[in-house]
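K.L.:
Using the numbering used here, you'd call the opening residue of the sequence shown number 580 and step up by one each time.
Beta carbons: idealized from backbone N, C-alpha and C, even for Gly.
These figures come from a predicted structure and were not determined experimentally.
Dumping the structure here so I can ask a few things about it.
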Amino acid sequence: MREAKLEAYIGGLIAFSIGSVALWIYWHGFVWDYRFAVAAVVLAGFVFLGDVCSIQVSERSSIGAWDIALIVAVAALGPVWAALAALPSAAFVGWRNPLRVVYEIGHSATIVFAAGVAFSFASEPLFIGSSSSLSTVFYATLVAGMVLVGVSEAVNGLLFKIKYGQSLNETWSEIVQPYLISDAINILTAGMSVLALIAYGPLAAIVVVAGSVGSQALVYRSREQVKEIASLRARVGSLEDALTNSNTTFGLMMIWDLGRKDGYTHHHAAATAVYAADIAREMKLEESRAERLRMAGLLHNIGMFSLPD
Numbered sequence: 580m581r582e583a584k585l586e587a588y589i590g591g592l593i594a595f596s597i598g599s600v601a602l603w604i605y606w607h608g609f610v611w612d613y614r615f616a617v618a619a620v621v622l623a624g625f626v627f628l629g630d631v632c633s634i635q636v637s638e639r640s641s642i643g644a645w646d647i648a649l650i651v652a653v654a655a656l657g658p659v660w661a662a663l664a665a666l667p668s669a670a671f672v673g674w675r676n677p678l679r680v681v682y683e684i685g686h687s688a689t690i691v692f693a694a695g696v697a698f699s700f701a702s703e704p705l706f707i708g709s710s711s712s713l714s715t716v717f718y719a720t721l722v723a724g725m726v727l728v729g730v731s732e733a734v735n736g737l738l739f740k741i742k743y744g745q746s747l748n749e750t751w752s753e754i755v756q757p758y759l760i761s762d763a764i765n766i767l768t769a770g771m772s773v774l775a776l777i778a779y780g781p782l783a784a785i786v787v788v789a790g791s792v793g794s795q796a797l798v799y800r801s802r803e804q805v806k807e808i809a810s811l812r813a814r815v816g817s818l819e820d821a822l823t824n825s826n827t828t829f830g831l832m833m834i835w836d837l838g839r840k841d842g843y844t845h846h847h848a849a850a851t852a853v854y855a856a857d858i859a860r861e862m863k864l865e866e867s868r869a870e871r872l873r874m875a876g877l878l879h880n881i882g883m884f885s886l887p888d
């Protein structure tokens, strides 16, 4: 039943996005220009990089800088080209699951067209030739960014409710609210990128977007390195434990065999091992050193093996 609802939801989402594309093209037309294509390819690369280097914050969600490039694409190129720029990333995110690919495409198209409608109330896309003032374009970009992020969270919230049975209130408190500052920074960065585009040209906007996405990539890489180091430490600790256990077992077997000759040596070795380790801990030595002293105490009479019976 839940699977059927999920498929129906994704089907409705993709149908809505296709209808949005058709309606936008009907009312506003579709401008083909090599500049639009080049800009869409560049921004698609930034969206893709932002998704690849996103930071996993829970089992079901992540945060990244992908929305910066999408907001800039909406303001500069319009929602149709912005939706095209989002396609490679959407296909990558869900490439192993066709239903996930359809959802990601519908999700991306829906949020960019919602943002495009919000932006169009104040200005035309910049590459078409907007006559709006600098401040108007900046604030329109901020509004478009807020709409894009808000609609994105709403679409994801409904997905979590249908797929996992998670309430919208839980989604808000666990996934949305803790990262509002991150979303606000991304929106503001997109606005600054648009200002740089108007004032200094496309190269300046690319530098701003690249800097924000690059910093996200560095954070992602540092987190991955921390995870790798933690994994290596866990493996080393596991190997050390296994080695210690095997050494202890081997030592006990040897001392037990030695103790069978006189009925005493193995008891004396065990007591010495316990006392040595306890004294080491009282002296505040590291646990690894205490364990080595325990082993030394256990084996301190091992030379008796070379004595004649």
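I'd like the ranges of any alpha helix (DSSP H) spanning at least 4 consecutive residues and lying wholly in the region 593-655.
P.N.:
As far as the region 593-655 is concerned, its whole alpha helix (DSSP H) runs of at least 4 residues are 613-631.
K.L.:
Using a Cβ-Cβ cutoff of less than 8 Å, which residues in the same chain neighbour V730 once the five nearest sequence positions on both sides are dropped?
P.N.:
What you label residue 730 is simply residue 151 of the sequence shown in a count that begins at 1. These residues qualify, in order along the chain: T689, I690, A693, A694.
K.L.:
Which of the three DSSP states, helix, strand or coil, is assigned to N735?
P.N.:
Here residue 735 refers to the residue found at position 156 when the sequence shown is read from its first residue. Helix, per DSSP.
K.L.:
Mapping DSSP to helix, strand and coil, what is E749?
P.N.:
Here residue 749 refers to the residue found at position 170 when the sequence shown is read from its first residue. Residue state, collapsed to three classes: helix.
K.L.:
Using 8 Å as the threshold, is the region 710-724 in touch with the region 761-771, meaning 3 or more CB pairs across them?
P.N.:
Judged by Cβ distances under 8 Å, the region 710-724 makes contact with the region 761-771, as three or more pairs qualify.
K.L.:
Sorted by chain position, which residues of the same chain lie with C-beta nearer than 8 Å to A783's C-beta, five sequence neighbours on each side aside?
P.N.:
For the purposes of this step, residue 783 is identified with residue 204 of the sequence shown, where counting begins at 1. Around A783: A775, L776.
K.L.:
Who are the Cβ neighbours of W611 in its own chain at under 7 Å, not counting the five residues just before and after it?
P.N.:
Working through the sequence shown from its first residue, we reach residue 611 at position 32. So no residue of the chain qualifies.
K.L.:
Please report the Cβ distance between L678 and A661, rounded to the nearest whole angstrom; I am assuming they are in contact, meaning their Cβ atoms lie under 8 Å.
P.N.:
As a working note, residue 678 is residue 99 in the sequence shown. As a working note, residue 661 is residue 82 in the sequence shown. That pair is no contact at about 23 Å.
K.L.:
Could you tell me whether the region 828-844 touches the region 872-881, where touching means 3 or more Cβ pairs closer than 8 Å?
P.N.:
As far as the Cβ criterion goes, the region 828-844 touches the region 872-881, which means the pair count is three or higher.
K.L.:
Less than 8 Å between the beta carbons of A654 and T720, yes or no?
P.N.:
Residue numbering aside, residue 654 sits at position 75 when the sequence shown is read from its first letter. Residue numbering aside, residue 720 sits at position 141 when the sequence shown is read from its first letter. Cβ distance < 8 Å, so A654 and T720 count as in contact.
K.L.:
Would you kindly report the start and end of the unbroken alpha helix (DSSP H) that includes V696?
P.N.:
Along the sequence shown, one-based indexing puts residue 696 at 117. Note, V696: alpha helix (DSSP H), 677-699.
K.L.:
On the DSSP letters alone, give me the boundaries of the alpha helix (DSSP H) that G708 sits inside.
P.N.:
Mapped onto the sequence shown, residue 708 falls at position 129. Unbroken alpha helix (DSSP H) run through G708: 705-708.
K.L.:
Cα-Cα, which of V728, S699, F706 is closest to T715?
P.N.:
As a working mapping, residue 715 is identified with position 136 in the sequence shown. Measuring from the Cα of T715, the nearest candidate turns out to be S699.
K.L.:
Starting from the N-terminal side, write out each stretch of the alpha helix (DSSP H) that is 4 residues or longer and does not extend beyond the region 825-880.
P.N.:
Qualifying alpha helix (DSSP H) stretches, in chain order: 844-861, 866-877.
K.L.:
Please state whether DSSP places S772 in a helix, a strand or coil.
P.N.:
Sequence index remark: in the sequence shown, residue 772 carries index 193 (1-based). Helix at S772.
K.L.:
Assign D888 to buried or exposed, taking buried as 16 or more other Cβ atoms, counted over all protein chains shown, within 10 Å of its Cβ.
P.N.:
Position 309 of the sequence shown holds residue 888. The residue is exposed, with fewer than 16 neighbouring Cβ atoms inside 10 Å.
K.L.:
Work out the CA separation of A623 and V617 for me, nearest whole Å.
P.N.:
Locating residue 617 in the sequence shown gives position 38, where the first residue counts as 1. Locating residue 623 in the sequence shown gives position 44, where the first residue counts as 1. Taking the straight line from one Cα to the other gives about 10 Å.
K.L.:
For G629, I'd like the list of residues in its chain whose CB is within less than 6 Å of its CB, leaving aside the five on either flank, ordered along the chain.
P.N.:
Against the sequence shown, residue 629 aligns to sequence position 50. Excluding positions up to five away in sequence, the list reads G643, A644, W645, V792.
K.L.:
Check for me: the alpha helix (DSSP H) holding L666 runs from which residue to which?
P.N.:
Numbered from its first residue, the sequence shown carries residue 666 at position 87. Segment 658-672, the alpha helix (DSSP H) holding L666.
K.L.:
Give the straight-line distance between the Cα atoms of F739 and V696, rounded to the nearest whole angstrom.
P.N.:
Here residue 739 is taken as the residue at index 160 of the sequence shown, counted from 1. Here residue 696 is taken as the residue at index 117 of the sequence shown, counted from 1. Computed Cα separation, rounded: 26 Å.
K.L.:
Could you pull out every residue in the same chain whose Cβ sits closer than 6 Å to the Cβ of A789, ignoring the five residues on either side in sequence?
P.N.:
In the sequence shown, residue 789 corresponds to position 210, counting from 1. Cβ neighbours of A789 beyond the five flanking positions: none.
K.L.:
My understanding is that I684 touches A669, with C-beta atoms under 8 Å, so please give their C-beta distance in whole angstroms.
P.N.:
Residue numbering aside, residue 684 sits at position 105 when the sequence shown is read from its first letter. Residue numbering aside, residue 669 sits at position 90 when the sequence shown is read from its first letter. Yes, I684 and A669 are in contact; Cβ-Cβ is about 5 Å, under 8 Å.
K.L.:
In three-state terms, what does DSSP make of L759?
P.N.:
On the sequence shown, residue 759 is found 180 positions in, with the first residue counted as 1. Helix at L759.
K.L.:
Determine the contact status of L666 and P704, defining contact as a CB-CB distance below 8 Å.
P.N.:
Within the sequence shown, numbered from 1, the residue matching residue 666 stands at position 87. Within the sequence shown, numbered from 1, the residue matching residue 704 stands at position 125. Contact flag unset, no.
K.L.:
Taking the Cβ atom as the reference point for each residue, do A856 and A869 lie within a distance shorter than 8 Å?
P.N.:
Mapped onto the sequence shown, residue 856 falls at position 277. Mapped onto the sequence shown, residue 869 falls at position 290. Their beta carbons are under 8 Å apart, which means A856 touches A869 by this criterion.
K.L.:
Hey, V659 and V621: beta-carbon distance below 8 Å or not?
P.N.:
Here residue 659 is taken as the residue at index 80 of the sequence shown, counted from 1. Here residue 621 is taken as the residue at index 42 of the sequence shown, counted from 1. It is not a contact, given that the beta carbons lie outside the stated cut-off.
K.L.:
Quick check on S791: does DSSP put it in helix, strand or coil?
P.N.:
For the purposes of this step, residue 791 is identified with residue 212 of the sequence shown, where counting begins at 1. Helix.
K.L.:
Should G780 and F717 be called a contact, given that it needs their Cβ atoms to be closer than 8 Å?
P.N.:
For the purposes of this step, residue 780 is taken as the residue at position 201 of the sequence shown. For the purposes of this step, residue 717 is taken as the residue at position 138 of the sequence shown. Not closer than 8 Å, so no.
K.L.:
Checking 8 Å against the spacing of the C-beta atoms, do F671 and R614 come in under that value?
P.N.:
Position 92 of the sequence shown, counted from the first residue, corresponds to residue 671. Position 35 of the sequence shown, counted from the first residue, corresponds to residue 614. No, the Cβ-Cβ distance between F671 and R614 is not below 8 Å.
K.L.:
For a cutoff of 8 Å on Cβ pairs, would you count G729 as touching chain B?
P.N.:
Protein chain content of the structure displayed is limited to a single chain, and chain B is not contained in it.
K.L.:
For L782, does the three-state DSSP call read helix, strand or coil?
P.N.:
If you number the sequence shown from 1, residue 782 lands on position 203. In the structure shown, L782 sits in a helix (DSSP, three-state: H, G or I).
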